[in-house]
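J.: Would you mind keeping the following structure in view while I ask a few things?
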Amino acid sequence: MFCIQDSRCVCVSFPPFFKTSDCITNAHGSILTFICTPLRNPGSLALICPPSLSLSLSLFSFLSPFFSLSLSLCLSLTAADLDHFKVHTRSAVSVREGQGVVLLCGTPTSSGDLTYAWVFNEYPYFVQQDNRRFVSQQTGNLYISKVESSDVGNYTCVVMNSVTKGKVQSSPTSLILRTDGVMGEYEPKIEVNFPDNVSAAKGSTVTLECFALGNPVPEITWKRANGVPFPSKVKMKYSNAVLEIPSFQQDDTGGYECVAENKMGKNVATGKLAFYAKPQWIQTMKDTVLAIEERLYWECRANGKPKPSYSWLKNGQPLVSEDKIHVEEGVLSVSVLTLADAGMYQCVAENRHGVIYFAAELMVLASPPDFTGNVLRALLKAKAGTTVTLECKPQAYPMASILWKKGNLPIHTSDRLANVSKSDAGSYTCFARNRFGMSSTTGRLLVTDPTRITQGPSDMEIIVGESIVLPCQVSSDPVLDISFSWAFNGQLIAKDDGHFELVGGVTGDLMIRNIQLYHAGKYICVVDTDVESLSAVAVLIVKARPPSPPAVVTVEEVTDSTAQLAWSPGRDNGSPISHYLIQTRTPFTVGWQRVNTVPEVIDGNTLTATVVDLNAWVEYEFRVLARNGVGVGEPSPVSVKTRTEDSVPDAAPGNVGGGGGSRSELVITWEPVPEELQNGESFGYIIAFRAFGDASWTHVATSAPGAARYVYKNDSISPFSPFHVKVGTYNSKGQGPFSPVVTIYSAEIGKRNAAEETDLFHWQYHFYSTVLYLQSIVNDDTKPETMGKMRVPWNQTSATVSGLAGHTQYFLTVSAFNTAGTGPFLPAINVTTKKPPPAQPPLNVEWTLIGSHLSLYWEPVVAMESESEVMGYQLSYRRQRHKEVNTLTTSNSSAELSLPEDDEDYIIHIRTMSEGGLGPASDPIRVHQLSEFIIWLLTLYLLMIVLRFA
């Protein structure tokens, strides 16, 4: 710690190393030399200041047998000062309007950086700099390139010290206009210019000023002498009067030109910027400890511009080349060291812009061999077959010679014993000697048998919730200490983890209790002994399962269309239950069917739900299934059979029709309502009919639930009379809905006129029969037993005959038909059918399913000569448990489908298409959509394969 007060220097140190002395100052108090003398070992502390009002401090070295300090310190003190302006009245400055003028600041005596500003008339109205007015920070003067009438007034120069922040003001200077005329136009005259040569330090900010007087006001521009554009960092200020170059570099050097120009002419100022850099270290030395008689080589390097020169100091005193010491540029070498060469050394790099120091300590040691802190181990254990290193590294200056003994016998060996065996065991002594003395150290080598893992863990698959033991057992030399540890996925298993426990006493077996999914991974048993470390690895795969069945499904409340269910959850088996599914079964369904519920999606935390859209008066059984991330689990036990409440029928008979029958009969038919839609007991039908034009209905009831026909006989019914008919339902709860009203006809009598003008399968009719009779004769065979018959409704004038043989000629005729018999036939026409489709179905069908995208391929079908040519293929596909069939046609022997992503299988058939129709279908193609559970199992299987061969 150093204090400088009243021209005295005080050295505060750690007693009793130093004493203090007074400072020696010159007449100006600017040079001080401060000497601190060590009491036990020579040394010096020098304070040397350059001849200026600043102080620089350099601390070289302190050396003692007890204390060593290497320190570099630079202290710069600047005495900043600013005197007041001399108090006197300044003369007024009289100029013509349009003339240029310079108002001098007359800076008082000062030190330190100064900044200038001018006040116009009174504070705080400062002169605003623009293309016409400029305040130079180099001279402090105010420059007005062209005076205007608005410039008339008093101007005061304000000077501020950048260090002390003190301000002083000059006396005001009055600017007045002359009355003898206006100044004419003239060419620019540069009043503010930069020096011809400017040196700038690397990284500094360079500021160049240039301002001119003139009328009109000159325009200032800058350019480089070499024509290179200015980089983006260069800034122009105050209407280009100031050029500022931040972070000055070598590329910024060269000539610069300032051009002042108006219409009367131009003027140019030039100058050069030179680059300099203070020295900076690029290579230094380190504190060094060497033995006596060894050689010292130190090198230091610094860059700078101009290139720095080097010198060396020892304990603050200059070093020169002599005898064993060689000093050249930044290299110091001492050939044969002695104790006297120890000390604090400094490398000094210097150019005209600065000087830098770097210090390092040299310690020269001389001592006999000493094994303190580096003795041989008293007992060294090693595994047979390995290499053993016996370290004999005494501290000795100069270096000691080494001799080894095993027992009492000298041996020729290095520090390494390769492939050791039991015969190498014994006591080893290392002897070290130099000219100052001798020392030794002894240790014993024990060679042990290798340790082996006799039973290690193996890869396993385990189900969530189970417990296992991973074995880790070894055989080892009895003299060794053994410890076991386990790592899981690279992390050491903590002893306080409730799932893990080391069991088995002297073995390293690891028990894992209540295994969870996150316990899957790599387990490593690590066996550490005194001489080696072994490990065994196993991969544990933990599988989750679909949830266990929910328990005890109960029906809590029943209406005619809903049932409220409740159940208990089963185990999630390692994967949380995501949602529940409800299925039902009745005497009228085939297997179990999924039902609609409220809520629509039953999440895994919900244990009740209401089943909706049930049929009334039907016995239901219910069961619940749980789904997790693996899949759907087994269903719950079936609930008790529960019958919904009865209600009024809500279904009407379908396909109501009728007609025909015997004379005076009205035959009414319908499709019976299925039992599961009858909604209650005592179910029956209400038949309502009325003659065409009547207002009232005739109602008849039948209590037979399976009835499908009713015949009303009345002699007053005219043949083939139209009637309106509808059929309704009822049960013990009341009457249900009626079917839509349809029109049927009473029975006919006799024959009617034959059909006329037959054209292939189309004909005209002028008769009142209810059906037509179509007769076809195969080939030329007109025998009655070969005829085929086809009936169509009376009002139909066309028909399609199917089941005919391909590529065959047929004769066709048409006659009318009613309940009284068959009318006469029309003349027959002949028609030849197309060739039949190929009899061979598509073969060798292959399919690929990626996600929901299905691709199919098959062998093209080639038609025989007697078969129609293949025009394309038709694909029909449906879900396995659904009847709805979708079709797709293609002209190629391949097709692509997009199937919904669900767990259902699809059944696909492929047929040929030709003029002869559709060919036979291929064998059913069953496409299995992989469930999430199957995909998960496949993923685990692939992972096991990768890990097994990794």
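The UniProt record's numbering applies: residue 1 is where the sequence shown begins, and numbers increase by one. Yeah, the Cβ is synthetic: ideal placement off N, Cα and C, and Gly gets one too. Just so it is clear, the structure is predicted and the values come from calculations on it, not from any experiment.
#1: Taking Pro478 as the reference, which of Leu445, Thr848, Asp530 has the closest Cα?
#2: Starting from Thr207, follow its DSSP beta bridges and name the residues at the other end.
#3: Taking only runs that begin and end inside the region 139 to 202, name each unbroken beta strand (DSSP E) of 3 or more residues, in chain order.
#4: Just confirm the distance between the C-beta atoms of Ser548 and Gly629, as a whole number of angstroms; I'd bet it's less than 8 Å.
#5: Between Asn714 and Ile686, what straight-line distance do the alpha-carbon atoms span, to the nearest angstrom?
#6: What number of angstroms, rounded off, separates the C-alpha of Glu756 from the C-alpha of Lys789?
#7: Between Leu760 and the rest of its own chain, which residues show a CB-CB distance below 7 Å, the 5 nearest in sequence each way excluded?
#8: Going by DSSP, what residue range makes up the beta strand (DSSP E) through Arg623?
#9: Given this structure, state the Cα-to-Cα distance separating Thr887 from Gly916, to the nearest angstrom.
#10: Assuming Ala200 and Phe275 form a contact by the criterion Cβ under 8 Å, report the distance between their Cβ atoms to the nearest whole angstrom.
#11: Here's the rule I'm using: 16 or more other beta-carbon atoms within 10 Å means buried, otherwise exposed. How should Lys641 be labelled?
#12: Would you identify the three-state DSSP class for Leu947, choosing helix, strand or coil?
#13: Going straight from the alpha carbon of Phe85 to that of Phe126, what length do you get?
#14: Below 7 Å CB to CB, which residues in the same chain sit around Glu350 once its five sequence neighbours on both sides are set aside?
#15: Which residues in the same chain have their Cβ closer than 8 Å to the Cβ of Asn226, if we skip the five residues on either side of it in sequence?
#16: CB-CB under 7 Å to Arg377, same chain, minus the five flanking residues each way: which ones, in chain order?
#17: Go through its chain and collect everything with a Cβ distance to Gln395's Cβ below 6 Å, but skip five positions before and after it.
#18: With distance defined between alpha-carbon atoms, name the residue in Gly184, Asn161, Gln491, Val159 nearest to Gly100.
#19: Rounded to whole angstroms, what is the Cα-Cα separation between Val742 and Val845?
#20: Whole beta strand (DSSP E) runs in the UniProt domain "Fibronectin type-III" (652 to 749) with 3 or more residues, listed along the chain?
#21: Under 7 Å between the Cβ atoms of Thr451 and Ser476?
#22: What three-state label does DSSP hand Asp603 in the structure shown?
#23: Distance check for Ser664 and Phe723, CA to CA, integer angstroms please.
#24: I'd like the span of the beta strand (DSSP E) that includes Met511, first residue to last.
#25: With burial defined as no fewer than 16 other Cβ atoms inside 10 Å of the residue's Cβ, what is the status of Asp572: buried or exposed?
#26: Which one of Gln250, Lys233, Ala563 has the shortest CA to CA distance from Glu244?
#27: From Pro737, Thr156, Ala494, pick the residue whose C-alpha is nearest to that of Leu175; which is it?
#28: Can you look up Ser776 in the DSSP assignment and give me helix, strand or coil?
#29: What does the alpha-carbon distance come out to for the pair Tyr877 and Thr597?
#30: Counting pairs of Cβ atoms below 8 Å between the region 727 to 744 and the region 688 to 697, do you hit three or more?
#31: Could you spell out where the beta strand (DSSP E) holding Met236 opens and where it closes?
#32: Do Gly181 and Lys146 have their C-beta atoms closer together than 7 Å?
#33: Can you tell which of Cys525, Asn434, Tyr518 has the C-alpha that lies nearest to the C-alpha of Thr454?
#34: I'd like to know whether the C-beta atoms of Ala277 and Gly316 end up nearer to each other than 7 Å.
#35: If I measure Cβ to Cβ from Thr221 and keep anything under 6 Å in the same chain, skipping five residues before and after, which residues do I get?
T.: Well, looking at it:
#1: Indexing the sequence shown from 1 puts residue 478 at position 478. The residue with the shortest Cα to Cα distance from Pro478 is Asp530.
#2: Position 207 of the sequence shown, counted from the start, is the residue given in the question as residue 207. Answer by DSSP bridge pairing, in chain order: Glu244.
#3: 142 to 144, 153 to 161, 167 to 169, 173 to 177, 186 to 192, 197 to 201
#4: Here residue 548 is taken as the residue at index 548 of the sequence shown, counted from 1. Here residue 629 is taken as the residue at index 629 of the sequence shown, counted from 1. Not quite, the Cβ-Cβ distance comes to about 15 Å (not below 8 Å), so this is no contact.
#5: Mapped onto the sequence shown, residue 714 falls at position 714. Mapped onto the sequence shown, residue 686 falls at position 686. Approximately 19 Å, taken between the alpha carbons.
#6: Residue 756 sits at position 756 when you count from the first residue of the sequence shown. Residue 789 sits at position 789 when you count from the first residue of the sequence shown. Reliability of the predicted coordinates at Glu756 is poor, the pLDDT of 33 falling under 50, and the value obtained from them is presented with this limitation in mind. Rounded to the nearest angstrom, the two C-alpha atoms are 18 Å apart.
#7: As a first step, residue 760 must be located in the sequence shown, where it is residue number 760. Low confidence applies to Leu760: its pLDDT is 37, below 50, so where it sits in the model is not reliable, and the reading given next is rough at best. Here the set comprises Ile829, Val831.
#8: By one-based count along the sequence shown, residue 623 stands at place 623. Element bounds for Arg623: 619 to 628.
#9: If you number the sequence shown from 1, residue 887 lands on position 887. If you number the sequence shown from 1, residue 916 lands on position 916. Cα-Cα distance, rounded: 19 Å.
#10: Translated into positions along the sequence shown, residue 200 becomes position 200. Translated into positions along the sequence shown, residue 275 becomes position 275. Indeed, because the Cβ distance is near 7 Å, the residues count as touching under 8 Å.
#11: Translated into positions along the sequence shown, residue 641 becomes position 641. Looking at its Cβ environment, which holds fewer than 16 other Cβ atoms inside 10 Å, Lys641 is exposed.
#12: As a working mapping, residue 947 is identified with position 947 in the sequence shown. Helix at Leu947.
#13: Here residue 85 is taken as the residue at index 85 of the sequence shown, counted from 1. Here residue 126 is taken as the residue at index 126 of the sequence shown, counted from 1. Roughly 19 Å separates the two Cα atoms.
#14: Taking the first residue of the sequence shown as 1, we reach residue 350 at position 350. Excluding sequence neighbours, Glu350 sits near Pro279, Pro308, Ser309.
#15: Position 226 of the sequence shown, counted from the first residue, corresponds to residue 226. Cβ within range, chain order: Gly254, Gly255.
#16: Here residue 377 refers to the residue found at position 377 of the sequence shown. Excluding residues within five positions, the ones whose Cβ falls inside 7 Å are Gly443.
#17: By one-based count along the sequence shown, residue 395 stands at place 395. Here the set comprises Asp370.
#18: Indexing the sequence shown from 1 puts residue 100 at position 100. Of the listed residues, the one whose Cα sits closest to Gly100 is Gly184.
#19: Within the sequence shown, residue 742 is the residue found at index 742, counting from 1. Within the sequence shown, residue 845 is the residue found at index 845, counting from 1. Cα to Cα, Val742 sits roughly 50 Å from Val845.
#20: 654 to 658, 665 to 671, 684 to 691, 698 to 702, 709 to 713, 722 to 731, 734 to 738, 742 to 745
#21: For the purposes of this step, residue 451 is taken as residue 451 along the sequence shown, with counting starting at 1. For the purposes of this step, residue 476 is taken as residue 476 along the sequence shown, with counting starting at 1. Yes, these two residues count as a Cβ contact at 7 Å.
#22: As a working mapping, residue 603 is identified with position 603 in the sequence shown. If DSSP states are grouped into helix, strand and coil, Asp603 belongs with the strands.
#23: For the purposes of this step, residue 723 is taken as the residue at position 723 of the sequence shown. For the purposes of this step, residue 664 is taken as the residue at position 664 of the sequence shown. Cα to Cα, the separation comes out at about 13 Å.
#24: Reading the sequence shown from its first residue, position 511 is the one you call residue 511. Start and end: 509 to 512.
#25: For this step, residue 572 is matched to residue 572 along the sequence shown. Classification for Asp572: buried.
#26: Here residue 244 is taken as the residue at index 244 of the sequence shown, counted from 1. The shortest C-alpha separation from Glu244 is found at Lys233.
#27: As a position in the sequence shown, residue 175 is number 175, starting the count at 1. When only C-alpha atoms are compared, the closest one is Thr156.
#28: For the purposes of this step, residue 776 is taken as residue 776 along the sequence shown, with counting starting at 1. Per-residue confidence for Ser776 stands at a pLDDT of 40, beneath the threshold of 50, marking its modelled position as unreliable; no derived number is given.
#29: Indexing the sequence shown from 1 puts residue 877 at position 877. Indexing the sequence shown from 1 puts residue 597 at position 597. Going from the Cα of Tyr877 to the Cα of Thr597 covers about 29 Å.
#30: yes
#31: Here residue 236 refers to the residue found at position 236 of the sequence shown. Residues 235 to 237.
#32: Stepping through the sequence shown from its first residue, residue 181 is reached at position 181. Stepping through the sequence shown from its first residue, residue 146 is reached at position 146. Not in contact: Gly181 and Lys146 (Cβ atoms no closer than 7 Å).
#33: Here residue 454 is taken as the residue at index 454 of the sequence shown, counted from 1. Ranking Cys525, Asn434, Tyr518 by Cα distance to Thr454 puts Cys525 first.
#34: Here residue 277 refers to the residue found at position 277 when the sequence shown is read from its first residue. Here residue 316 refers to the residue found at position 316 when the sequence shown is read from its first residue. Against a cut-off of 7 Å, the Cβ pair of Gly316 and Ala277 comes out as no contact.
#35: By 1-based counting over the sequence shown, the position of residue 221 is 221. So the qualifying residues of the chain are Val259.
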